[in-house]
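Sequential numbering of the sequence shown, starting at 1, is according to the UniProt record's numbering. Positions of the beta carbon are idealized from the N, C-alpha and C atoms, including for glycine. Just so it is clear, the structure is predicted and the values come from calculations on it, not from any experiment.
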Amino acid sequence: MENVTKILNGSGIAQDIRMELRAKIADSRTKPGLAVILVGHDPASRMYIDFKKQASQEVGLYLETYEFEEDVKQKTLVKLIDKLNKNRKIHGILVQLPLPEHIEDIDILQRIDPAKDVDGFHPTNVGLLAVGYPALTPATPKGIMRLIASTGVDLRGKDAVVIGASNIVGKPTAQLLLNERATVTIANSLTRDLRVHTRKADVIVVAVGKPNLITADMVKEGVIVIDAGINKVGDRVVGDVDYENVSKLAAFITPVPGGVGPMTVAMLLENTWEAMRHSKGHQE
Ligand code: NAD
Numbered sequence: 001m002e003n004v005t006k007i008l009n010g011s012g013i014a015q016d017i018r019m020e021l022r023a024k025i026a027d028s029r030t031k032p033g034l035a036v037i038l039v040g041h042d043p044a045s046r047m048y049i050d051f052k053k054q055a056s057q058e059v060g061l062y063l064e065t066y067e068f069e070e071d072v073k074q075k076t077l078v079k080l081i082d083k084l085n086k087n088r089k090i091h092g093i094l095v096q097l098p099l100p101e102h103i104e105d106i107d108i109l110q111r112i113d114p115a116k117d118v119d120g121f122h123p124t125n126v127g128l129l130a131v132g133y134p135a136l137t138p139a140t141p142k143g144i145m146r147l148i149a150s151t152g153v154d155l156r157g158k159d160a161v162v163i164g165a166s167n168i169v170g171k172p173t174a175q176l177l178l179n180e181r182a183t184v185t186i187a188n189s190l191t192r193d194l195r196v197h198t199r200k201a202d203v204i205v206v207a208v209g210k211p212n213l214i215t216a217d218m219v220k221e222g223v224i225v226i227d228a229g230i231n232k233v234g235d236r237v238v239g240d241v242d243y244e245n246v247s248k249l250a251a252f253i254t255p256v257p258g259g260v261g262p263m264t265v266a267m268l269l270e271n272t273w274e275a276m277r278h279s280k281g282h283q284e
């Protein structure tokens, strides 16, 4: 029997989430407020910020944007974050990464009030996630988990392989899969034989940034494939998976674009809403 692959439509799911949020925000006495900080002129960062701005406006979030030149001093950013931590109109603070080399990003991320850390990168939130307590969860991993949830497949006892071990995508995704009681393997650039791991995986999440890293001979039939990779090839944007061939074997697969990307933005908005609902003195 021929395999029927279902394409996980991140754009559609994200659109539904935005519409739900829009309705909730319209009914809310307080508007969730997000502050976005961008340093330098990296075109990819600029593009992500533009997506976030556009989506924030669409759902009715209150937005403040702060832009700095590449050579901004660390103490300028620290001062701004201290101010935003106290600002009652702001419930979420996002610093677009990567930051220039002269800035210690861990110092910046740790300066954000964990209750306003809508990216979920503060060590307090990372720790809460690790021990399985409610926390602000990084947007891309949260979006990946929503996409997997949309398949209806129960993760308990499944073999999941996360390829890429960054603090932003790979590690928190592995933690979330673990919290769902999957058996999790995390691969990195030094993994000896990736195929040994991917061949037995029921779920593969890839977040590396290398086109065609995952090919059809590396996966088993019926696998769920979530591709977070974003790569520019000529004038096309592709993921890390050989989509054309892997999709013939997978039960579920995300396209690139239109898979994980839009979910990331929707989860950021949702995190800002949640941060507002849990903020001190918040009333319905
Ligand atoms: P990163 O560069 O911080 O981490 C990459 C990871 O991949 C590292 O752990 C590295 O060891 C590992 N790796 C490199 N080569 C490998 C190989 N051959 N086999 C196994 N592992 C290997 O990257 P990141 O910030 O996690 O981003 C990864 C990708 O995801 C990029 O393409 C990025 O653009 C994309 N991304 C997408 C979204 C989204 O919303 N869709 C969000 C964040 C990142």
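What span of residues does the beta strand (DSSP E) with residue i cover, start to end?
i           : result
Ala35       : Gly33 to Val39
residue 285 : The structure shown does not extend to residue 285, since the chain is modelled only from 1 to 284, so the question has no answer here.
Arg236      : Arg236 to Val238
Ala26       : That residue, Ala26, is in no beta strand (DSSP E); its alpha helix (DSSP H) goes Gly10 to Asp27.
Thr185      : Thr183 to Ala187
Val203      : Val203 to Val206
Asp159      : Asp159 to Ile163
Round the Cβ separation of residue i and residue j to the nearest angstrom and send it over; I've been treating them as touching at under 8 angstroms.
i      : j      : result
Ala35  : Ile90  : 5 angstroms
Ala216 : Lys248 : 7 angstroms
Leu129 : Leu155 : Wrong, their Cβ atoms sit about 16 angstroms apart, outside the cutoff.
Val118 : Ala251 : Incorrect: roughly 32 angstroms between the Cβ atoms, too far for contact.
Gly222 : Asn231 : No, Gly222 and Asn231 are not in contact; Cβ-Cβ is about 26 angstroms, not under 8 angstroms.
Thr137 : Ile224 : Not confirmed; about 20 angstroms, so no contact.
Lys53  : Leu268 : Between Leu268 and Lys53 the Cβ distance is about 11 angstroms, and since that is not below 8 angstroms, they are no contact.
Met263 : Ala14  : 5 angstroms
Asp202 : Ala160 : 7 angstroms
What residue range does the alpha helix (DSSP H) around residue i cover?
i      : result
Ile49  : Pro43 to Val59
Val196 : Leu194 to Thr198
Thr173 : Gly170 to Asn179
Using a C-beta cutoff of 9 angstroms, does residue i count as contacting chain C?
i      : result
Ala201 : Of the chains in the structure shown, none is chain C; there is only one protein chain.
Touching by the beta-carbon criterion (3+ pairs, under 8 angstroms), the stretch 128 to 148 and the stretch 186 to 196: no
Three CB pairs or more closer than 8 angstroms across the stretch 93 to 109 and the stretch 244 to 261: no
The stretch 254 to 266 contacting the stretch 99 to 118, beta-carbon criterion three pairs below 8 angstroms: no
Entirely enclosed alpha helix (DSSP H) segments - the stretch 66 to 143, minimum 4 residues: 74 to 86, 105 to 111 and 123 to 130
Runs of beta strand (DSSP E) wholly within the stretch 213 to 275 (minimum 3 residues, chain order): 224 to 227, 231 to 233 and 236 to 238
Contact the stretch 158 to 165 vs the stretch 204 to 224: 3+ CB pairs below 8 angstroms: yes
Touch test, the stretch 28 to 45 against the stretch 65 to 75, Cβ-Cβ under 8 angstroms, three pairs minimum: yes
The stretch 43 to 60 in contact with the stretch 21 to 28 per 3-pair CB rule at 8 angstroms: yes
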